[in-house]
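Engineer:
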Amino acid sequence: MMPWDTLCVPKGMGDIGFRDLRLFNFALLRRQVWRLINHRNTLCYQVLSSKYFPNGDVFHPKKVDKLSSSWTSIMNATKALKAGFGWQIGDGKKARIGLDRWGFEGLDGNSLKDPSSGSRERVVCELWEPNNRA
Numbered sequence: 000m001m002p003w004d005t006l007c008v009p010k011g012m013g014d015i016g017f018r019d020l021r022l023f024n025f026a027l028l029r030r031q032v033w034r035l036i037n038h039r040n041t042l043c044y045q046v047l048s049s050k051y052f053p054n055g056d057v058f059h060p061k062k063v064d065k066l067s068s069s070w071t072s073i074m075n076a077t078k079a080l081k082a083g084f085g086w087q088i089g090d091g092k093k094a095r096i097g098l099d100r101w102g103f104e105g106l107d108g109n110s111l112k113d114p115s116s117g118s119r120e121r122v123v124c125e126l127w128e129p130n131n132r133a
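Mapping of the sequence shown onto numbering that gives the first Met the number 0: position 123 corresponds to residue 122, and the numbering continues sequentially without gaps.
1. I need the DSSP call for R39, collapsed to helix, strand or coil.
2. On the CB-based measure, 16 or more other CB atoms within 10 Å of its CB, does D20 come out buried or exposed?
3. What whole-angstrom Cβ distance do K92 and V46 have, given they're in contact under 8 Å?
4. Suppose contacts are defined by Cβ-Cβ distances below 9 Å. Is K50 in contact with V63 by that definition?
5. When burial is assigned at 16 or more other CB atoms within 10 Å of the CB, is F23 buried or exposed?
6. Report yes if the C-beta distance between R95 and E120 is below 9 Å; otherwise report no.
7. Rounded to the nearest angstrom, what separates C43 and D99 at their Cα positions?
8. Could you work out which residue in G11, V8, Q31 and D4 is closest to K78 when comparing CA atoms only?
9. Have a look at S48 and F84 and give me their C-alpha separation to the nearest angstrom.
10. To the nearest angstrom, how far is it from the Cα of L28 to the Cα of S72?
Following this line, the structure appears as C-alpha cells:
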C-alpha cells in the first residue's frame, strides 16, 4: 500500500497523478467565495446572503445558530482568502480601521486624523479630514 502523498505526485514525475481531493475541494470552495463576491445577481448569492450575510459582505456574516455544512466549508475558504486580500478603499465607508487590511495608497499625510482615539470598528473614512482627500 502506497501513501496518498506519493499517489498525488504528477505523472510527469513518475507516479500515478491522482489529485489531492482535499486541496481540490478547497480550491473549488475558494472559487465559490470569489463568485459570491463578484456575481451578486446569482440565485446562489441571493439565497446565501439572505440567511448568512444580509449586509452583503461575505467576509462579515451574521451569527447563526445552526450552520449548514456547506456554509461552514465556504466560511473556512473565506478565511483563507481574506488573509490574502486587502481593501481598495474607495469612499472608505466599508473598510474597518482595526479589523480589515487596507493601505494608505493615494492619501497624503495631511489628509489623516489621529487614529489613536477610537475603536477598531470605526471605518477608514472617519480618518479623513473633511474636504481634504488627496
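Beta carbons: idealized from backbone N, C-alpha and C, even for Gly.
Structural biologist: This is what the structure holds:
1. If DSSP states are grouped into helix, strand and coil, R39 belongs with coil.
2. Inspection of the sequence shows that residue 20 is occupied by Leu rather than by Asp. Under this definition L20 is an exposed residue.
3. Separation of the CB atoms of K92 and V46 is rounded to 26 Å, and the pair is thereby denied contact status at 8 Å.
4. Yes.
5. Here F23 is exposed. Its C-beta has fewer than 16 other C-beta atoms within 10 Å.
6. Yes. Within cutoff.
7. If you draw a straight line from the Cα of C43 to the Cα of D99, it is about 26 Å long.
8. Measuring from the Cα of K78, the nearest candidate turns out to be Q31.
9. Whole-angstrom Cα-Cα distance: 20 Å.
10. Near 7 Å, if we compare the C-alpha coordinates of S72 and L28.
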